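A.B. asks: Quick note on numbering: numbering that gives the first Met the number 0 labels position 112 of the sequence shown as 111, and the sequence is numbered without any gaps.
The beta-carbon is built from N, C-alpha and C at its ideal position, and this holds for glycine as well.
A quick note: this is a predicted structure, and the numbers were derived from the prediction, not measured.
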Amino acid sequence: MPLIPVYAEEQLGASVVWSGTALLINTGVTSITSPAIGWINDKVGAARLLAPASLFLPVVYVCLGPLPLISFITPSKTQVMVALALLGASIPMNSIPLLPIALKVYEIRNKSPAPPPVAKFLVAMFCCSFPTGLFIGSQVSGFIAPYVTFGWSTGALGLICCLQSVLLCCILL
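#1: Taking the Cβ atom as the reference point for each residue, do residue 35 and residue 21 lie within a distance shorter than 8 Å?
#2: Is the segment 59 to 66 touching the segment 135 to 154 in the sense that three or more CB pairs, one from each, lie closer than 8 Å?
#3: I'd like the list of long-range same chain contacts for residue 121, defined as Cβ closer than 8 Å, with 5 residues on each side in sequence excluded.
#4: So, at 6 Å on beta carbons, what are the nonlocal neighbours of residue 56 in its own chain, with the 5 sequence-adjacent residues on each side left out?
#5: Report yes or no: is there a C-beta of chain D within less than 8 Å of the C-beta of residue 101?
#6: How far does the alpha helix (DSSP H) with residue 75 in it extend, from its first residue to its last?
#7: Evaluate residue 23 with the Cβ neighbour count: other Cβ atoms within 10 Å of its Cβ, from every protein chain shown; 16 or more gives buried, anything less gives exposed.
#8: Can you give the Cα-Cα distance for residue 118 and residue 126, rounded to whole angstroms?
#9: Within this structure, are the beta carbons of residue 232 and residue 32 separated by less than 8 Å?
#10: Going by beta-carbon coordinates alone, are residue 15 and residue 4 separated by less than 8 Å?
#11: DSSP three-state label for residue 153, please.
#12: Do you know offhand how far residue 84's Cα is from residue 59's?
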């Protein structure tokens, strides 16, 4: 995420205002879709929501750059804007179901519900995971930016997420 403005300005000729608007749309979509995704999570169950959502997120990351191997997607401002909006929807689709699943896994493995200290620990870990990921991702992005294009870095992230999604679906289904 921290390299999107740099990529948009250098590769697509976008202005700083355009980059800020694109990131604002990403955040806005996340804010708007989160309550609906939480409601869907409550209705269909966490595992049923997480399995398809975990396949959607890698596709969005691969298309964000886009990965240079994908020749039918031309990098453009519109393509980046649409990918960021889809990313805004796919992040809550992947993060909202995780906490109920973590608590259910604890209950299954220990044959009892999580005691309050364990539940509080899981909630704290869940809440700090996204900012921690942003911090680590920003650091890694800064280190690899001079050596790898934006398309390859987001594409590689998407491919890593694909592997994670396949493993997750095998475990959940």
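C.D. replies: Straight from the coordinates:
#1: no
#2: yes
#3: 98, 101, 102, 105, 113
#4: 89, 93, 160
#5: The chain labelled as chain D is not found in the depicted structure, where only one protein chain is given.
#6: Taken as a continuous stretch (DSSP letters only), residue 75 belongs to no alpha helix (DSSP H), as it is neither H nor E.
#7: exposed
#8: 12 Å
#9: For residue 232 there is no data in the structure shown, the boundaries of the chain being 0 and 172.
#10: yes
#11: helix
#12: 10 Å
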